[in-house]
Structure formats: structure tokens, C-alpha cells
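Below you'll find the structure, written out as C-alpha cells, and then a few comments.
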Amino acid sequence: MKIICIGRNYIEHAKELKNEVPSEPVIFMKPKSALLLPEKPVYYPEFTDDLHYECELVVRINKNGKYIQERFARKYYNEVTVGLDFTARDLQQKLKDKGLPWEIAKAFDASAAVGKFVSLTPEKNVQEMNFELKLNNMTVQNGNTAQMIFGVNKIIEYASKFFTLNIGDLIFTGTPAGVGPVTVYDKLEGYLEGEKLLEVDIR
Ligand code: MG
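Per my numbering, the very first residue in the sequence shown carries number 24; after that it's consecutive.
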């Protein structure tokens, strides 16, 4: 199982981190060991002083495939949730400045939190879903999947050129504006279409 993540997939978020708006999806990966186990807190890592949340729509692949065309991509997933792409922002900035890969700032243990998955009904368009993140009961991110630069089906087409997609793989589809730091004892809650699917404590 692998976790494919998309960076800079919402214009306002690309701008807030002073990144260019990409012309093709920006992809990075997290290993299975990055998955936060259910009901577990995130322990603030010792290698960062600027741990950030990024709330994202997460899609679970339910069919193996390679070279999947955008128009057939919908057959490859049927469950979604909200997740958190935890990022050591200070470390990432240092790596970006040197043009180096981001992995240690993005793919560390417990850096990928996922909520309870919900099935997409036939009338539910994955590109018209509201999601929200609350930090200590205050809304800090509020996005709609319609704002994605590259939609889920396009991401699947692009990613599957390079990587075979397997059942159980997860795709983190990028975060809207409003990312920010967490501190020990914070509580994060993720909502999809008003339904709470995710809760993570920082310890
Ligand atoms: Mg992200």
C-alpha cells in the first residue's frame, strides 16, 4: 500500500506558500509507515519546530490499474474521507531552498492521518464536496473540491502513468488555503459535507 499526495492543487494555497501554480500535478509519496494508526495521537516530532496541518480530501483506490484514462478513472475508487498531510514546514523550506526532495519533511511516521471512509453514492460528484478542518473548535480550513486545479480523475490518469495503482492505495488530493502550525495538546477535527470523519490529538 502506498500514499500518493498532490501538492499545490488549490490556487489560494499555492499562493499562500508563494509557490507557482503548477501546469501538471505535483506528486510526492508517503510510505505505509506514515499512516497514523486509528485512535492514536500524533506525537510532535523532535526534528521540527513548525509542524503544520494540511486538510485534504482522500480517495481510496479499489481496483488495480496502470495507464488509466481520465474518463475511466471513476471506476477505480468509490470511497473518500478527509485526511491530514502533516508537514514539517521548517524542514521542508530548507529542502526546497536547496532544491532537494521533501520526503523527510512530509513522509515521516504518523504524517498521514485519515478519517472514516464514506462511500460515494451515484449522485455524489467527488468534485463538489465541502470539507472543513477545525483546530480546537475553530474553523481553520474550509474548502470545496470544485476548487482543485487537477480533479481526482485527472490525478489518477497522471499518477498511473508512473505508478501502478493498487487496491488500498490512498490519494491525498491537496490542501486548500489556511494551513498553519499545531502545538502539543491541540485537537484537530475534519469534516466532509458537514459530517465529522476525523479527530486527531497532538501530544
Ligand atoms: Mg498536502
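Cβ atoms here follow ideal geometry from the backbone N, Cα and C, with glycine treated the same way.
| Item | Value |
| --- | --- |
| Report back the beta-carbon spacing between residue 196 and residue 178 to the nearest angstrom; my notes put them in contact at under 8 Å. | 6 Å |
| Assign residue 66 to buried or exposed, taking buried as 16 or more other Cβ atoms, counted over all protein chains shown, within 10 Å of its Cβ. | exposed |
| Suppose contacts are defined by Cβ-Cβ distances below 7 Å. Is residue 117 in contact with residue 220 by that definition? | no |
| So is the beta-carbon of residue 198 under 6 Å away from any non-hydrogen atom of the ligand MG? | yes |
| Does the Cβ-Cβ distance between residue 58 and residue 135 come in under 7 Å? | yes |
| Regarding residue 102 and the ligand MG, is the C-beta to nearest heavy atom distance less than 6 Å? | no |
| Who are the near neighbours of residue 64 in its chain, counting only those whose CB is closer than 8 Å to its CB and skipping five residues on each side? | 223, 224, 225 and 226 |
| Indicate whether residue 31 and residue 75 have their beta-carbon atoms separated by less than 7 Å. | no |
| Who are residue 104's beta bridge partners in DSSP? | 81 |
| Any C-beta of chain C sitting closer than 7 Å to the C-beta of residue 80? | In summary, chain C is missing from the structure at hand, where a single protein chain is found. |
| What is the DSSP secondary structure of residue 227, counted as helix, strand or coil? | Residue numbering for the chain in the displayed model covers 24 to 226; residue 227 lies beyond these limits and cannot be assessed. |
| Among the candidates 157, 114, 97 and 89, whose CA atom is the shortest distance from the CA of residue 71? | 114 |
| Who are the near neighbours of residue 36 in its chain, counting only those whose CB is closer than 6 Å to its CB and skipping five residues on each side? | 198, 199 and 200 |
| Is there contact between the segment 123–135 and the segment 42–57, where contact requires at least three CB pairs shorter than 8 Å? | yes |
| Give the straight-line distance between the Cα atoms of residue 109 and residue 154, rounded to the nearest whole angstrom. | 17 Å |
| Using the three-state DSSP reduction, which class does residue 184 fall into: helix, strand or coil? | helix |
| If I'm right that residue 101 touches residue 46 with Cβ under 8 Å, what's the distance once you round it to whole angstroms? | So it is not a contact: roughly 29 Å between Cβ atoms. |
| Under 7 Å between the Cβ atoms of residue 175 and residue 149? | yes |
| One question on the structure: do residue 187 and residue 55 come within less than 7 Å of each other, judged by their Cβ atoms? | no |
| Under 7 Å, do residue 91 and residue 180 count as touching if we go by C-beta distance? | yes |
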